[in-house]
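Residues 1 to 250 in full-length UniProt numbering are what the sequence shown lists, from first letter to last. Built from N, CA and C at the ideal position, the CB exists for glycine as well. Remember, predicted model here, so these are calculated numbers, not experimental data. What follows is a short report on a single structure.
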Amino acid sequence: MNINIPGRGDCLPRSDHCGDLFQVLEDAVPVIDRSEWEDRFQQLPDLALLVRKIKNQGQEGSCASNATVQAYEIVLNQQFGLRQWVEFSAMSLYKRVGRTAGGGSMISDNLQQLSQKGILPLTTDANQRRFPHTHPATGFGRSLPSGWEATARKFRAPEWFDIRSFDGFMSALLLGFPVVYGRAGHAICGVRGERRDGQWRVKYANSWGAQWGDHGFGYDSESFISGAISSYGAFAVRAVAVQSDFLEAA
């Protein structure tokens, strides 16, 4: 079982404070009481089923970008259905927030870029037929395509919650929001809460390929997450924005 596996230092601690960029979840919605968690998770659809593909950052420091993109794709699938799934390029985010291939980035920088300027679809045969601008999943040295902004702005995530506590984290999952968070130098995308041996833990989608862990998923304990929220941040994506021609083209 892959529990509390540390990262490689690719996720940088946040330089801002909780609530500086986005509304704090605990101030905006009622935090769900712990006595309700187990029953509600049993009734809730598993967000892991909306993960169409586990990301793979390779040897680059783009974990925060990959976690952000995974959360974006989950909510896109949630809002519009799996038939509308499009795979997006984490590198099209990391190029704008990272300084070097292995230097890493802050989660909050990725969220700001995704909120304000958007993201590019991944370079695949299908996406290249549909979209004028695409970008690979890896390869920090490659420049973004000329005019990329016109396509990226069609795919944004303007609404996020900043999370202050583990109870807020679990409440976000219970409300159906995937959570992008960091701990031990690594960022991942939390998709579900589970109770094992009397203890709560979070299932997350990693970005080390589908061969890693539980088919690309791992688990973090409550204490592991709680000790890192203030340092790295935890953010729930509430909704994504796409232009109407995205659905018409699908």
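From residue i to residue j, what does the alpha carbon distance come to, in whole angstroms?
| i | j | result |
| --- | --- | --- |
| H112 | A239 | Checking the displayed sequence, the identity of residue 112 turns out to be Gln instead of His. Cα to Cα, the separation comes out at about 14 Å. |
| Y232 | A152 | 26 Å |
| L49 | L82 | 10 Å |
| A250 | R156 | Residue confidence is low: A250 scores 49 on pLDDT, short of 50, so the model does not pin down where it sits. Its coordinate-derived value is still stated next. Using only the alpha carbons, I get a separation of about 18 Å. |
| G218 | L47 | 14 Å |
| N39 | L25 | Looking at the sequence provided, one finds Asp at residue 39 rather than Asn. Rounded to the nearest angstrom, the two C-alpha atoms are 22 Å apart. |
| G227 | T134 | 38 Å |
| G61 | T138 | 10 Å |
| I3 | D220 | 5 Å |
| R34 | W200 | 10 Å |
| P158 | Q243 | 13 Å |
| D10 | I188 | 11 Å |
| T68 | Q79 | 17 Å |
Where does the unbroken alpha helix (DSSP H) through residue i begin, and where does it stop?
| i | result |
| --- | --- |
| K95 | 91-97 |
| I87 | One detail in the question is off: residue 87 reads as Glu in this sequence, not Ile. E87 -> no alpha helix (DSSP H), and no H or E assigned at all. |
| T134 | Segment: none, T134 is in no alpha helix (DSSP H) and carries neither H nor E. |
| T151 | 148-152 |
So, are the CB atoms of residue i and residue j less than 8 Å apart?
| i | j | result |
| --- | --- | --- |
| G182 | A101 | no |
| F169 | A234 | yes |
| A184 | Q70 | no |
| I163 | I229 | yes |
| G209 | G216 | yes |
| S108 | D16 | yes |
| R8 | M106 | no |
Let me know the secondary structure DSSP gives residue i once reduced to three states.
| i | result |
| --- | --- |
| N2 | coil |
| residue 251 | The requested residue 251 is not part of the displayed model; the chain covers only 1 to 250. |
| E60 | coil |
| D20 | coil |
| S221 | strand |
| S105 | strand |
| L122 | strand |
| R52 | coil |
| V29 | coil |
| D214 | strand |
| F246 | helix |
Classify residue i: buried if its beta carbon has 16 or more other beta carbons within 10 angstroms, exposed otherwise.
| i | result |
| --- | --- |
| D27 | exposed |
| Q57 | buried |
| P178 | buried |
| R192 | buried |
| A126 | exposed |
| H186 | buried |
| R195 | exposed |
| P121 | buried |
| A150 | exposed |
| D167 | buried |
| S207 | buried |
Note the first and the last residue of the continuous beta strand (DSSP E) segment covering residue i.
| i | result |
| --- | --- |
| W160 | 155-162 |
| F177 | First-last for F177: undefined, no H or E at that position. |
| A236 | 234-242 |
| R40 | Where R40 is concerned, there is no enclosing beta strand (DSSP E), although the alpha helix (DSSP H) it sits in stretches over 34-43. |
| A187 | 186-196 |
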